[in-house]
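K.L.:
Starting off with a structure, shown below.
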Amino acid sequence: MRIHNRVVIDIATGVILEDDFYDYQGQVAECGGGKGGGSQNSVTQTNLIPGYAQPSVVAYLAKMSELSQTGYETYTGETYAEQNNNEKDGIIALANIGRNPHAIITQGETYLRDTIDALKFGSNPKINEAYLKMASTIITFFEEDTLPRLHQEFNMSGNYGSDSHHWAQAKAAEELMAKLQDIGMDIYFKDYIEERRSQFGSLRAATEYGIQDALNAEILRTAGMYGREYRQGKLEDDYRKWRDEKEAIVRRLEILGNAVRSVVGSQVTETSPFYRPSTISQVAGLALAGVGLYGMMKGLKFGNTAMGEAGYGSKSLIPTGGA
Amino acid sequence: MSSGGGSSTSTSTMNNVPAYAQPYVQAYLQRASAITFNAQFDSYFTQYASSTYADINDPLYPDEIDGINALVSRGRNGNATIIKGDNHVKAMLDGDYLLGTKPEFQSMLDNVTGKPNQSFADDVRPELGGSCYLVGDLSAENKAYDLTANIPARYNDRTLAKIYSDNYRAERKYQDDSLPAGLEFVKQVGDNADMLRKAGLHYRVWLQGYDEDNYKKWFEGEALEVARVEVLGNAIRALVGTQTTKTEPYYRPNKMVGVVGGAMAGAAMGAPLGPYGIAAGAIIGGIVGGLS
Numbered sequence: 554m555r556i557h558n559r560v561v562i563d564i565a566t567g568v569i570l571e572d573d574f575y576d577y578q579g580q581v582a583e584c585g586g587g588k589g590g591g592s593q594n595s596v597t598q599t600n601l602i603p604g605y606a607q608p609s610v611v612a613y614l615a616k617m618s619e620l621s622q623t624g625y626e627t628y629t630g631e632t633y634a635e636q637n638n639n640e641k642d643g644i645i646a647l648a649n650i651g652r653n654p655h656a657i658i659t660q661g662e663t664y665l666r667d668t669i670d671a672l673k674f675g676s677n678p679k680i681n682e683a684y685l686k687m688a689s690t691i692i693t694f695f696e697e698d699t700l701p702r703l704h705q706e707f708n709m710s711g712n713y714g715s716d717s718h719h720w721a722q723a724k725a726a727e728e729l730m731a732k733l734q735d736i737g738m739d740i741y742f743k744d745y746i747e748e749r750r751s752q753f754g755s756l757r758a759a760t761e762y763g764i765q766d767a768l769n770a771e772i773l774r775t776a777g778m779y780g781r782e783y784r785q786g787k788l789e790d791d792y793r794k795w796r797d798e799k800e801a802i803v804r805r806l807e808i809l810g811n812a813v814r815s816v817v818g819s820q821v822t823e824t825s826p827f828y829r830p831s832t833i834s835q836v837a838g839l840a841l842a843g844v845g846l847y848g849m850m851k852g853l854k855f856g857n858t859a860m861g862e863a864g865y866g867s868k869s870l871i872p873t874g875g876a
Numbered sequence: 040m041s042s043g044g045g046s047s048t049s050t051s052t053m054n055n056v057p058a059y060a061q062p063y064v065q066a067y068l069q070r071a072s073a074i075t076f077n078a079q080f081d082s083y084f085t086q087y088a089s090s091t092y093a094d095i096n097d098p099l100y101p102d103e104i105d106g107i108n109a110l111v112s113r114g115r116n117g118n119a120t121i122i123k124g125d126n127h128v129k130a131m132l133d134g135d136y137l138l139g140t141k142p143e144f145q146s147m148l149d150n151v152t153g154k155p156n157q158s159f160a161d162d163v164r165p166e167l168g169g170s171c172y173l174v175g176d177l178s179a180e181n182k183a184y185d186l187t188a189n190i191p192a193r194y195n196d197r198t199l200a201k202i203y204s205d206n207y208r209a210e211r212k213y214q215d216d217s218l219p220a221g222l223e224f225v226k227q228v229g230d231n232a233d234m235l236r237k238a239g240l241h242y243r244v245w246l247q248g249y250d251e252d253n254y255k256k257w258f259e260g261e262a263l264e265v266a267r268v269e270v271l272g273n274a275i276r277a278l279v280g281t282q283t284t285k286t287e288p289y290y291r292p293n294k295m296v297g298v299v300g301g302a303m304a305g306a307a308m309g310a311p312l313g314p315y316g317i318a319a320g321a322i323i324g325g326i327v328g329g330l331s
């Protein structure tokens, strides 16, 4: 049976300009009735699924209906990877570094602070001994060599105990004092200079060591963040599982819903009232046709009546060619 | 649905669901309705009760917040070593080390002068002149000893003057060299400020997530009831358009057209009877056309 969805006809020529149709191959009863000649309503059925596909559609609906009862079982396996020991230990180690700075950092900072605070000045435990050793060397020389030589010299010249002898001793003592001062300066001032250089040099390292506590704080924070990221993922995974379980009922329902949506509109059945002109119009039409037939049989024409010149108008309403 | 010849409207019905699919459509709608309204499904539409956002303040996991607090402390208070270095550079630039007034410098000076003085007093001067008395200097006068009384002071002055001078020269060099180091310490102030800002930012990032999580939970709670009703709504939407009933005016020409048409037909019918027949036919036809 051919079903026409849309037909466009040129009313002047009777030519079919457009014809949208298909051949229905199913049962006529399932087609929706078609157009009955005597019916008061017209039923037009448009089936967008070919007849040969309808068994598949029915099977699809049945299967989806079945799946909508049993589908989407709750997943019981793991969906979030546990942290392994390497990752855990690494995070713990990072946290330990953050909380407990490396000994070198602690020691270095202590050293630097003491150095900058000038606590290292005069801290050389060997410095006094060094001075004493060096001083005693020249003092001993003075006692054992210089003075005895002077005494002997002035004694042999008979001036022992004279002013000049005393002046000579005083002069020798003064030279010794100069040497002692040089030793003192060499040892203590040089030590100060070296310490001062270290103190100044420590400034370079101060910023490097000083920033370590900030780095450690950042390491500690990062370690904590790594742990929190994992926990956050676990919480979200738990939530997804919970939600998945709760939504399963709707998801199962929508298996059927999707199947239903796929067939909605696949067939359009339209029932509309059959057009009937009014009774009076039908009577008038029939009367007009009868009169026309009568006129033909009697040779009557519009505008060329039997009354001839007495007729209305000099022209017929429809040209006859003879007037 | 149907229309009689005299009716003023026509009603047409369009059905978009094949007959073989209708049981499934009905089942779908019934199940959706049950999920929406039956109490047995209430548990499927409850709000999630557990936590969904990892707490940064959880005492079991204090590392991150402790790290942030350490950054805050560091940012606000700086580092003791750096502060000492900073102060040291400032003191050098202020010339505090140039004149040798620092205690450690004075302590050094005490050693530089004091140790030789002590050696001289203890070990040198007692050796002077004493032997003269032993060989017959009856006056017991020790002129050499007296002559050396002022020697330490004189040499101390000389040594101190040299040390002060040498120190000034050395400190001037340090003072110059402290300028690049000064910039490093200045940078630390900015670093501290940024550290404090970042610490605040880290916490705010967490807090932002916390607030957003709370909002999502709140929104979910608010939307829960709607979502449940929308289960049925979806089913309804799937069926919208499956049947269309259309009622529209039945086509009828207006009265005037009817009168004119009737008059013309009547005139044609009356034409065989002559002019009067045409006129009478037109009148009768017009009346009939107007009534039809």
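Chains as they are written, first to last, in the working numbering: chain A, 554 to 876; chain B, 40 to 331. We put the beta carbon where it would ideally sit given N, CA and C, even for glycine.
How about residue 717(A): is its C-beta nearer than 7 Å to some C-beta of chain B?
P.N.:
Cβ-Cβ to chain B under 7 Å: no for residue 717(A).
K.L.:
To which residues of the same chain is residue 588(A) closer than 7 Å at the C-beta, ignoring the five residues directly before and after it?
P.N.:
At residue 588(A), the pLDDT of 43 sits below 50, so the modelled position is not reliable; the number obtained from the coordinates is stated separately. Closer than 7 Å at the Cβ level, and outside the excluded window around residue 588(A), lie 595 and 596.
K.L.:
Please confirm if residue 222(B) has its CB atom under 7 Å from at least one CB of chain A.
P.N.:
For residue 222(B), the answer is no, since every Cβ of chain A falls outside 7 Å of its Cβ.
K.L.:
Run through chain A and tell me which residues come within less than 8 Å of residue 278(B), C-beta to C-beta.
P.N.:
Within chain A, the residues near residue 278(B) are 813 and 817.
K.L.:
Which residues, in chain order, does the stretch 621-634 of chain A contribute to contact with chain B at a C-beta distance below 7 Å?
P.N.:
The stretch 621-634 of chain A vs chain B, Cβ under 7 Å: nothing.
K.L.:
Since residue 669(A) and residue 744(A) should fall inside the 8 Å C-beta cutoff, what is the C-beta to C-beta distance between them, to a whole number of angstroms?
P.N.:
Between residue 744(A) and residue 669(A) the Cβ distance is about 18 Å, and since that is not below 8 Å, they are no contact.
K.L.:
On the criterion of 16 or more Cβ atoms from any shown chain inside 10 Å, does residue 208(B) qualify as buried, or is it exposed?
P.N.:
By the 10 Å Cβ count, residue 208(B) comes out exposed.
K.L.:
Would you mind reading off the limits of the alpha helix (DSSP H) that contains residue 50(B)?
P.N.:
Careful: residue 50(B) lies outside any alpha helix (DSSP H), inside the beta strand (DSSP E) at 48-54.
K.L.:
If distances are taken between C-alpha atoms only, which option among 154(B), 228(B) and 120(B) comes closest to residue 660(A)?
P.N.:
The shortest C-alpha separation from residue 660(A) is found at 120(B).
K.L.:
Quick one: residues in its chain with C-beta nearer than 7 Å to the C-beta of residue 56(B), no 5 flanking neighbours on either side, listed in chain order?
P.N.:
64 and 281.
K.L.:
Measuring CB to CB, does residue 736(A) end up less than 7 Å from residue 770(A)?
P.N.:
Not a contact, by the Cβ cut-off of 7 Å.
K.L.:
For residue 627(A), which of helix, strand or coil comes out of DSSP?
P.N.:
Coil.
K.L.:
For residue 98(B), count the other beta carbons within 10 Å of its own beta carbon; 16 or more makes it buried, fewer makes it exposed. Which is it?
P.N.:
Exposed, by the Cβ-count rule.
K.L.:
Could one say the Cβ of residue 194(B) lies closer than 7 Å to chain A's Cβ atoms, at least one of them?
P.N.:
So yes, residue 194(B) belongs to the interface.
K.L.:
Need the endpoints of the alpha helix (DSSP H) that residue 787(A) sits in, please.
P.N.:
765-816 is the span of the alpha helix (DSSP H), which, as asked, contains residue 787(A).
K.L.:
Quick one: which residues of the stretch 650-670 of chain A get their C-beta closer than 7 Å to a C-beta of chain B? List them in chain order.
P.N.:
Cβ contacts with chain B: 651, 662, 665, 666, 669 and 670.
K.L.:
Please name the residue, chosen from 774(A), 605(A) and 666(A), that lies closest to residue 646(A) on a Cα-to-Cα basis.
P.N.:
Ranking the options by Cα distance to residue 646(A), first place goes to 774(A).
K.L.:
Cβ of residue 93(B) within 7 Å of Cβ of residue 781(A)?
P.N.:
Yes; because the gap between Cβ atoms is below 7 Å, this pair is in contact.
K.L.:
Report the rounded CA-to-CA distance for residue 817(A) versus residue 274(B), giving the unit in angstroms.
P.N.:
Their backbone Cα atoms lie some 12 Å apart in a straight line.
K.L.:
For residue 219(B) and residue 754(A), what's the separation of their Cα atoms in angstroms?
P.N.:
Those two C-alpha atoms are separated by around 12 Å.
K.L.:
With 9 Å as the C-beta to C-beta threshold (strictly closer), list the residues of the stretch 719-738 of chain A near chain B in chain order.
P.N.:
From the stretch 719-738 of chain A, only 719, 720, 721, 722, 723, 724, 725, 726, 727, 729, 730, 731, 732, 733, 734, 735, 736, 737 and 738 have a Cβ closer than 9 Å to chain B.
K.L.:
Looking at C-beta atoms only, is the number of pairs between the stretch 218-236 of chain B and the stretch 143-160 of chain B that lie closer than 8 Å three or more?
P.N.:
No: fewer than three Cβ pairs fall under 8 Å.
K.L.:
Please classify residue 62(B): is it buried, with 16 or more other beta-carbons within 10 angstroms of its beta-carbon, or exposed?
P.N.:
The residue is exposed, with fewer than 16 neighbouring Cβ atoms inside 10 Å.
K.L.:
Which of the three DSSP states is assigned to residue 674(A) in this structure?
P.N.:
Three-state result, residue 674(A): coil.
K.L.:
Which first and last residues belong to the alpha helix (DSSP H) in which residue 679(A) is found?
P.N.:
It is not in any alpha helix (DSSP H) - residue 679(A) carries neither H nor E in the DSSP assignment.
K.L.:
Rounded to a whole number of angstroms, what is the C-alpha to C-alpha distance between residue 188(B) and residue 211(B)?
P.N.:
Cα to Cα, the separation comes out at about 37 Å.
K.L.:
Can you check whether the CB of residue 730(A) is closer than 7 Å to the CB of residue 190(B)?
P.N.:
It is a contact, given that the beta carbons lie within the stated cut-off.
K.L.:
Within its chain, find whatever has a CB closer than 6 Å to the CB of residue 582(A); leave out the 5 residues flanking it on each side and keep chain order.
P.N.:
Because the pLDDT of residue 582(A) is 48, which lies under 50, any placement of that residue in the model is unreliable, and the number read from its coordinates should be weighed accordingly. Same-chain partners within the cutoff: there are none.
K.L.:
Beta-carbon separation of residue 238(B) and residue 107(B) under 7 Å?
P.N.:
Result yes, Cβ atoms of residue 238(B) and residue 107(B) sit closer than 7 Å.
K.L.:
Using the rule of at least 16 other Cβ atoms within 10 Å of the residue's Cβ for burial, across every protein chain shown, is residue 296(B) buried or exposed?
P.N.:
By the neighbour-count rule (16 or more Cβ atoms within 10 Å), residue 296(B) is not buried but exposed.
K.L.:
Looking at the structure shown, is residue 180(B) part of a helix, part of a strand, or coil, going by DSSP?
P.N.:
Three-state result, residue 180(B): coil.
K.L.:
Could you give the distance in angstroms between the alpha-carbon of residue 766(A) and the alpha-carbon of residue 96(B)?
P.N.:
So the alpha carbons of these two residues sit roughly 22 Å apart.
K.L.:
I need the straight-line Cα distance from residue 787(A) to residue 800(A), nearest angstrom please.
P.N.:
Each residue's alpha carbon lies about 20 Å from the other.
K.L.:
Whole angstroms are fine: how far does the CA of residue 697(A) sit from the CA of residue 717(A)?
P.N.:
Each residue's alpha carbon lies about 20 Å from the other.
K.L.:
Spatial neighbours of residue 286(B) within its chain, please: CB distance less than 6 Å, with the 5 preceding and 5 following residues excluded, ordered by chain position.
P.N.:
Closer than 6 Å at the Cβ level, and outside the excluded window around residue 286(B), lie 48 and 50.
K.L.:
Which two residues bound the contiguous alpha helix (DSSP H) that contains residue 151(B)?
P.N.:
Taken as a continuous stretch (DSSP letters only), the alpha helix (DSSP H) holding residue 151(B) covers 142-158.
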